[in-house]
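*Asks:* Chains as they are written, first to last, in my numbering: chain A, 1 to 568; chain B, 569 to 953.
All C-beta atoms, glycine included, are put in the ideal place defined by N, C-alpha and C.
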Amino acid sequence: MQSKIKVIPTTLKVKDLPPTAISMSNMLFNKTGSWRNYKPVYDEKLPPCNATCPSGEKIQGYLYLVKNNKFAEAWQLIKQDNPLPAVCGRVCFHPCEVECNRNDYDESVGIHNVERLIGDYGLRHNLRVKIGIKKKQQIAIIGGGPAGISAAYHLARMGYKPTIFEAERQLGGMLQYGIPSYRLPKNILQKEINSIIKMGVKVKTGMRVGKNLFIEELAKKYHAVLIATGAYKERNLDIPGEEARGVIGALDFLHEANLPRRQAGSGKKPTISKDVVIIGGGNAAMDAARSALRMGAHPKVIYRRTRNEMPAIPDEIRDTEEEKIDFIFLAAPVKVITKNNKTVALECIRMKLGSADSSGRRKPIPVKGSNFRIKTGTIIKAIGESPETSFIPASLLKDNLVCTDKWGMTAQNNIFAAGDAVTGPKTVVEAIGAGKRSAQAIDKYVRTGKVTHTEIPEVKPVRFEQLNTAYFEHAPRVSMPHLEFKQRVKSTKEVYLGYKPNEAITESDRCFSCGVCNFCDNCWVFCPDMAVIKKKNKYEFNYDYCKGCGICASECPHNVISLVEEKK
Amino acid sequence: MKEVTTGNHAVSYGAMLSRAQVIAAYPITPQTQIVELLSNFCATGKLKAKFLKVESEHSVMAASIGASLAGARAFTATSGQGLALMHEMIHWAANGRLPIVMADVNRSMAPGWSIWTDQNDSLSQRDTGWIQLYCESSQEVTDSIIQGFKIAEKVYLPVMVILDAFVLSHTSEVIDLPDIKLVDKYLPPFKARDMMDMKNPRAFGGLVTPDFNFELKYKIQEAMNQTIPVAKWADREFKRILGRSYGIIEAYKCEKADTILVTSGTITSTSRYVINQLHAQGKKNVGILKIRMFRPFPAKEVVAVLSKAKKVAVIDRNIGYGVGGIFCQEVKAAFGNEKKHPEFFNFITGIGGRDVTPKDIQGIIDYTETHKKPKEDIIWVGLRK
Chain A
1 MQSKIKVIPT TLKVKDLPPT AISMSNMLFN KTGSWRNYKP VYDEKLPPCN
51 ATCPSGEKIQ GYLYLVKNNK FAEAWQLIKQ DNPLPAVCGR VCFHPCEVEC
101 NRNDYDESVG IHNVERLIGD YGLRHNLRVK IGIKKKQQIA IIGGGPAGIS
151 AAYHLARMGY KPTIFEAERQ LGGMLQYGIP SYRLPKNILQ KEINSIIKMG
201 VKVKTGMRVG KNLFIEELAK KYHAVLIATG AYKERNLDIP GEEARGVIGA
251 LDFLHEANLP RRQAGSGKKP TISKDVVIIG GGNAAMDAAR SALRMGAHPK
301 VIYRRTRNEM PAIPDEIRDT EEEKIDFIFL AAPVKVITKN NKTVALECIR
351 MKLGSADSSG RRKPIPVKGS NFRIKTGTII KAIGESPETS FIPASLLKDN
401 LVCTDKWGMT AQNNIFAAGD AVTGPKTVVE AIGAGKRSAQ AIDKYVRTGK
451 VTHTEIPEVK PVRFEQLNTA YFEHAPRVSM PHLEFKQRVK STKEVYLGYK
501 PNEAITESDR CFSCGVCNFC DNCWVFCPDM AVIKKKNKYE FNYDYCKGCG
551 ICASECPHNV ISLVEEKK
Chain B
569 MKEVTTGNHA VSYGAMLSRA QVIAAYPITP QTQIVELLSN FCATGKLKAK
619 FLKVESEHSV MAASIGASLA GARAFTATSG QGLALMHEMI HWAANGRLPI
669 VMADVNRSMA PGWSIWTDQN DSLSQRDTGW IQLYCESSQE VTDSIIQGFK
719 IAEKVYLPVM VILDAFVLSH TSEVIDLPDI KLVDKYLPPF KARDMMDMKN
769 PRAFGGLVTP DFNFELKYKI QEAMNQTIPV AKWADREFKR ILGRSYGIIE
819 AYKCEKADTI LVTSGTITST SRYVINQLHA QGKKNVGILK IRMFRPFPAK
869 EVVAVLSKAK KVAVIDRNIG YGVGGIFCQE VKAAFGNEKK HPEFFNFITG
919 IGGRDVTPKD IQGIIDYTET HKKPKEDIIW VGLRK
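1. What does the alpha-carbon distance come out to for the pair B:A645 and B:P595?
2. Mind listing, in chain order, the continuous alpha helix (DSSP H) runs of no fewer than 4 residues lying wholly within the segment 577 to 646 of chain B?
3. Which residue wins for smallest C-alpha separation from B:Y935, given the options B:V742, B:K851, B:A881?
4. Listing by chain order, which chain B residues have their CB less than 8 Å from the CB of A:A470?
5. Count the other C-beta atoms from every protein chain shown that fall within 10 angstroms of the C-beta of A:T10, then say buried if there are 16 or more, exposed otherwise.
6. Count the C-beta pairs between the segment 436 to 451 of chain A and the segment 409 to 423 of chain A that are closer than 8 Å, then say yes if the count reaches three, no if not.
7. Got a sec: is the Cβ-Cβ distance from A:M1 to anything in chain B below 8 Å?
8. Excluding the 5 residues preceding and the 5 following B:R665 in the sequence, name in chain order all residues of the same chain whose CB lies nearer than 6 Å to its CB.
9. Taking B:G773 as the query, report the chain A residues whose CB atoms sit under 9 Å from its CB, ordered along the chain.
10. Based on the DSSP output, what are the partners of A:R569 in its beta bridges?
11. Determine the DSSP secondary structure at A:Q60, reduced to helix, strand or coil.
12. Quick one: grab the DSSP three-state call for A:P85.
13. For the alpha helix (DSSP H) containing A:S438, name the first residue and the last one.
14. Report the three-state DSSP secondary structure of B:E906 (helix, strand or coil).
15. Would B:E656 count as contacting chain A if we go by Cβ distances under 8 Å?
16. Give me the residue from A:K500, A:V422, A:A531 with the minimum Cα distance to A:V114.
17. Measuring only the C-alpha atoms, how far is B:P756 from B:M861?
18. Can you grab the Cα-Cα spacing for the pair A:T404 / A:G435, in whole Å?
19. With respect to the alpha helix (DSSP H) encompassing B:F780, which residues constitute its N-terminal and C-terminal limits?
20. Can you tell me the Cα-Cα spacing of A:H125 and A:I118, whole angstroms?
21. Under 8 Å between beta-carbons, which chain B residues line up against A:V525? List them in chain order, please.
22. Against chain A, which members of the segment 921 to 946 of chain B pass a CB distance test of less than 9 Å?
23. Does B:M569 pass the burial test, meaning 16 or more other C-beta atoms within 10 Å, or should it be called exposed?
24. For B:R863, does the count of other Cβ atoms within 10 angstroms reach 16, so buried, or fall short, so exposed?
25. Suppose contacts are defined by Cβ-Cβ distances below 8 Å. Is B:E741 in contact with B:S712 by that definition?
26. Buried or exposed for A:I456, please, with buried defined as at least 16 other CB atoms from any protein chain shown within 10 angstroms of its CB.
27. So which residues of chain A does B:G664 contact, with C-beta pairs closer than 7 Å?
28. Let me know the alpha helix (DSSP H) ranges lying completely inside the segment 650 to 714 of chain B, each 4 residues or longer, listed in chain order.
29. Evaluate A:D106 with the Cβ neighbour count: other Cβ atoms within 10 Å of its Cβ, from every protein chain shown; 16 or more gives buried, anything less gives exposed.
30. Can you tell me the Cα-Cα spacing of B:N793 and A:K45, whole angstroms?
31. The beta strand (DSSP E) with A:F165 in it runs from where to where?
32. Whose CA, out of A:N101, A:H474, A:M158, lies closest to the CA of A:R80?
33. By the criterion of Cβ-Cβ separation under 7 Å, what are the contact partners of A:V14 in chain B?
34. Name the one or two DSSP bridge partners that A:T320 has.
35. Comparing the C-beta of A:T10 with each C-beta of chain B, is any distance below 8 Å?
36. Measuring only the C-alpha atoms, how far is A:S266 from A:E256?
As structure tokens, this is what we get:
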């Protein structure tokens with residue numbers, strides 16, 4: 001096929017010549033690749049969603065699978081990193097959506113809505129993950145919250161049969177007892193937990209550290225122990241009258257409100273007054289207010305700063321506002337007014353915002369003489385939690401938190417820790433990520449006796465400016481169907497109803513696939529030298545002829561192709 | 569099927585019925601409606617073509633060249649300044665011997681900035697190697713696009729179908745849209761010369777030394793020579809299958825004419841109206857020669873008609889500065905080696921979109937009949953002196 005350049009004899013006549021200026025022979029001999037100064041390479045990069053996800057979900061990957069109607073494969077992919085997609089699809093604060101490059105174009109991709117559908121799909125179809133070669137080492141996990149469940153799941157995938165010791169009657173921790181069922185239905189949580197237990201996780205409930213369970217003993221009996229006890233000790237207001245009847249902690253309230261009737265300690269739902277006041281601006285405050293609303297009360301939320309400084313996740317604040325719950329901003333409690341040790345009112349003081357404090361938010365300063373009273377029979381404190389550490393050996397603690405290296409190992413070699421016990425109160429997905437990392441560390445430790453790790457260099461995710469957005473059409477985010485206000489207050493039914501499969505496909509199709517090839521063919525179409533070769537599931541460059549013009553790189557919508565300077 | 573349509577949409581229908589496969593376009597007044605309707609056809613699936621929005625007319629023609637080289641039936645449309653911007657690629661298309669069909673809506677060249685008609689834009693491309701067809705009605709526009717592909721794909725030269733801005737592009741009349749099955753019969757799918765073969769890739773448009781470039785240019789003239797019989801054949805075939813015929817020129821009521829008007833574009837239809845009235849009054853010594861095909865210039869055919877007349881009034885809606893009307897120059901040149909020729913009167917009118925009315929045509933006839941010879945080289949009609 002290849003030919004050498006030929007000198008055309010001048011004896012040729014008009015009739016012998018081609019109709020127009022075309023080379024007489026083919027040009028394959030002319031390896032134009034030698035002209036190249038820059039070489040294009042397929043160089044997949046990190047999408048910002050994946051980079052941000054605390055449990056490291058390959059979000060672009062599962063959106064691509066969903067787009068192609070491959071829900072089971074999407075479930076398998078998500079389960080590599082997250083044992084609880086149906087849960088996280090509902091309760092995660094989805095920082096992935098904040099980082100989504102689509103925000104700079106129209107609206108972020110509804111990642112958590114798709115994640116939820118994938119999780120539900122897995123449950124509905126009883127999908128199973130593959131379990132590795134059986135391993136003998138025994139591992140104890142203290143605490144069956146998100147961190148403990150995540151560690152148990154990842155260890156089970158590797159072939160271990162870890163044991164979870166749980167103080168409560170059921171696994172789930174904050175998921176079970178903290179998050180109301182209108183956000184996370186109990187049956188969904190239970191199914192997702194059950195599917196993990198079926199992988200070979202042993203569960204012992206009613207085991208409370210310091211009471212019938214001791215860390216040092218476990219450390220002797222088991223090859224490794226993971227402390228994943230969470231953070232559930234509620235902070236006090238430190239104001240007069242706090243001990244009165246009618247002042248309760250948000251977690252205690254949510255715990256009771258969340259128990260099925262027959263299980264509740266007192267046999268009935270906690271009683272609250274209609275004029276209940278919730279103090280705080282975090283997620284627990286929002287959950288408490290919305291739960292109280294569903295119990296027939298007219299809750300008021302008091303927060304010492306303004307809406308802008310509220311630590312609750314924006315979706316929760318929006319939902320709370322939609323449910324027409326009253327907010328009193330720039331007010332702080334100073335005294336609980338009691339009558340016969342019963343709460344009758346809360347005295348507050350007005351605040352104003354000063355300069356920024358260590359958290360970066362503006363510090364509230366009391367306004368002298370601005371005290372006022374709110375009539376109320378119930379006050380729910382939701383001003384934060386901290387880990388309960390009284391049962392943890394002091395040698396493992398620092399500043400009331402369990403102290404570990406970044407792989408979760410404490411000062412004692414076979415004791416690891418993960419989740420809120422290490423970090424203080426954080427989110428579900430962060431605990432899940434920590435559980436995953438500690439499972440990997442424990443695996444290494446029990447097999448090799450030490451946790452060695454190579455430093456992974458920090459990789460910058462692909463940003464909006466690096467994409468070629470000419471190829472993306474504007475498309476609104478598929479809205480999530482949800483119950484209207486009137487239906488919400490009457491029951492504890494789940495507020496958000498979930499995408500239908502076709503909605504999830506439409507939404508997944510909005511993904512920019514930042515840094516990851518999704519086989520759009522642009523490079524193949526645009527290459528002026530036909531130097532892109534299309535193969536099954538990949539493209540290759542034919543460097544014999546690629547001149548390095550860079551058109552492929554600039555026309556790649558996803559910033560997959562990089563240009564590397566040729567060293568000559 | 570009868571349809572009320574503008575000249576612009578008549579272009580779009582022509583391209584659709586021809587089953588154009590690639591349409592690269594950039595909008596420009598007064599051409600915009602053409603691409604609007606075509607993009608609509610593409611979006612709704614009425615026309616299965618790749619519609620390319622490009623960033624300039626230069627790229628329009630570049631993309632059309634690429635498409636045509638690859639074997640697709642390529643269509644586009646432009647006007648005035650857009651055509652001028654395309655100029656480099658206009659040469660490429662012809663030298664590349666590519667059967668692209670393009671509609672040009674005549675628009676006066678700026679400055680003074682204008683969107684109105686005259687022929688200087690298309691006539692400035694007359695020597696590029698494109699075949700040029702000037703149309704007088706919407707029906708002729710649709711039919712000429714279809715015929716254009718038939719001719720282009722036979723002789724491998726691009727075809728420009730030309731219509732007047734607004735006077736034709738934006739006025740509506742009833743046309744007969746041909747049945748696409750009949751058009752398919754007339755114009756089968758384009759089968760390109762086997763030039764582009766991915767397995768045997770050759771270089772296009774590369775360097776050609778003086779040893780051979782001369783011969784390649786000769787081949788273009790050779791193709792132009794073939795074009796006149798091919799265009800006549802394409803017109804006959806059109807008549808046979810689709811029932812209409814235009815000829816490459818048309819002698820209208822010239823049987824007893826000693827004065828003949830030479831016209832093109834919509835001035836032809838205005839002149840027909842005047843001539844019809846005169847003939848109805850019994851004055852039958854005036855006729856019209858409509859020049860439909862300007863490139864290649866059908867000199868022999870023109871001479872055959874005009875040599876019977878004593879006086880010829882060439883009406884030019886254009887001007888070759890420093891010479892006179894361009895049609896007039898070509899007509900005179902056609903008689904170059906003839907022993908005898910009629911007296912030529914060169915009227916220039918309608919430049920910059922000025923209306924040319926039946927009264928103007930009557931004035932032209934009156935002047936020609938009352939003068940033995942023209943008093944000036946150029947007789948300006950309607951000039952505000």
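*Replies:* Let me lay it out:
1. 9 Å
2. Within the segment 577 to 646 of chain B, the complete alpha helix (DSSP H) runs of at least 4 residues are 600 to 612, 625 to 637.
3. B:A881
4. Within chain B, no residue comes near A:A470; the closest Cβ sits about 11 Å away, beyond 8 Å.
5. Under the 10 Å beta carbon count, A:T10 is surrounded by fewer than 16 other beta carbons and is classified as exposed.
6. yes
7. A caution first: A:M1 carries a pLDDT of 47, below 50, which makes its placement in the model too unreliable to give a value.
8. Here the set comprises Y724.
9. T20, A21, I22
10. Because chain A spans 1 through 568 in this model, residue 569 of chain A falls outside it and cannot be assessed.
11. helix
12. helix
13. That run of the alpha helix (DSSP H) goes 428 to 448.
14. coil
15. no
16. A:K500
17. 23 Å
18. 13 Å
19. 778 to 810
20. 11 Å
21. Near A:V525 there are no residues of chain B at all, since even the closest Cβ is about 11 Å away, more than 8 Å.
22. none
23. exposed
24. buried
25. no
26. exposed
27. In chain order: T20.
28. Fully enclosed alpha helix (DSSP H) runs of no fewer than 4 residues occupy 655 to 663, 688 to 691 of the segment 650 to 714 of chain B, in order along the chain.
29. exposed
30. 60 Å
31. 163 to 166
32. According to the sequence provided, residue 80 of chain A is Gln. The question's Arg does not apply to it. It is A:M158.
33. Result: E783, Y786, K787.
34. According to the DSSP secondary-structure assignment, A:T320 is paired through a beta bridge with no residue.
35. Output row for A:T10: interface = yes.
36. Bear in mind that a pLDDT of 48 at A:S266, under 50, signals an unreliable position, so the number given afterwards is only what the model happens to contain. Between A:S266 and A:E256, the C-alpha separation is close to 9 Å.
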